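Data first, discussion second: the structure below is written as structure tokens.
Protein chains: 2
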Amino acid sequence: MPSTLAHDCVQSWMKKVPEWEHKENQIERIFEFDDYMSGMDFVNAVAEIAEDANHHPDMNISYARVAILLTTHDKGGLTESDFEVATRIDSLVD
Amino acid sequence: MPSTLAHDCVQSWMKKVPEWEHKENQIERIFEFDDYMSGMDFVNAVAEIAEDANHHPDMNISYARVAILLTTHDKGGLTESDFEVATRIDSLVD
Numbered sequence: 016m017p018s019t020l021a022h023d024c025v026q027s028w029m030k031k032v033p034e035w036e037h038k039e040n041q042i043e044r045i046f047e048f049d050d051y052m053s054g055m056d057f058v059n060a061v062a063e064i065a066e067d068a069n070h071h072p073d074m075n076i077s078y079a080r081v082a083i084l085l086t087t088h089d090k091g092g093l094t095e096s097d098f099e100v101a102t103r104i105d106s107l108v109d
Numbered sequence: 016m017p018s019t020l021a022h023d024c025v026q027s028w029m030k031k032v033p034e035w036e037h038k039e040n041q042i043e044r045i046f047e048f049d050d051y052m053s054g055m056d057f058v059n060a061v062a063e064i065a066e067d068a069n070h071h072p073d074m075n076i077s078y079a080r081v082a083i084l085l086t087t088h089d090k091g092g093l094t095e096s097d098f099e100v101a102t103r104i105d106s107l108v109d
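Residue numbers (our numbering), protein chains in the order written: chain A, 16 to 109; chain B, 16 to 109.
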């Protein structure tokens, strides 16, 4: 498990995942789909990435809107793991 | 779409779903599982119920903990649909 990233390093990573919002100790991206089951397909694809990476984002589902939140709870902040998983999630839709 | 329930009617329904907590205009139940994929199996089962009922609860996934929140947004409160879906969700685990 990597350690938390310094501020300038977070800023550097944020440029690679510009669709994500940096909020205190976490990053968040909202994904909107045309219908509920398309959102659920996405949720299941994220779950596969999460299991593979052994790093599990919080997911908040509200009909076809899915919010993904990443942080490294064990470390109390953002680590490389968060940005690696964010990059993989982006590749599902972008 | 049924109309919102009067206070005494909500109280009556709450006795049928005692594991749920009544919070203002919604009801919530937290489900905890042994591992992440067990939680995801549950989420998918809830999604099937939601599609079948055309009534979609919010779901907040945090590792193996899944919070389900039900309200009827169109009506601004609790309706029979919420309690019918809650009962069906309970039947998945109880």
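All residues carry an ideal CB built from backbone N, CA and C; glycine is no exception. Since this is a predicted model, take the numbers as computed values, not measurements.
### Message
Would V58 of chain B and V81 of chain B be called neighbours here (beta carbons separated by less than 8 Å)?
### Response
yes
### Partner residues on chain B for E99 of chain A, Cβ-Cβ distance less than 8 Å
Those do not exist, as E99 of chain A stays about 18 Å from chain B at its closest Cβ, beyond 8 Å.
### Query
Are the C-beta atoms of N40 of chain A and some chain B residue less than 8 Å apart?
no
### Message
Which of the three DSSP states is assigned to V81 of chain B in this structure?
### Response
strand
### Task
Give the interface partners of H77 of chain B over in chain A, defined as CB-CB distance under 7 Å, in chain order.
Going by the sequence as given, residue 77 of chain B is Ser instead of His. D73, listed in chain order.
### Query
Can you tell me the Cα-Cα spacing of V32 of chain A and D89 of chain A, whole angstroms?
22 Å
### Task
List the residues of chain A that M52 of chain B touches, going by C-beta distances under 9 Å, in chain order.
A62 and E66
### Query
Hey, how far is the Cα of E63 of chain A from the Cα of L93 of chain A?
Their backbone Cα atoms lie some 21 Å apart in a straight line.
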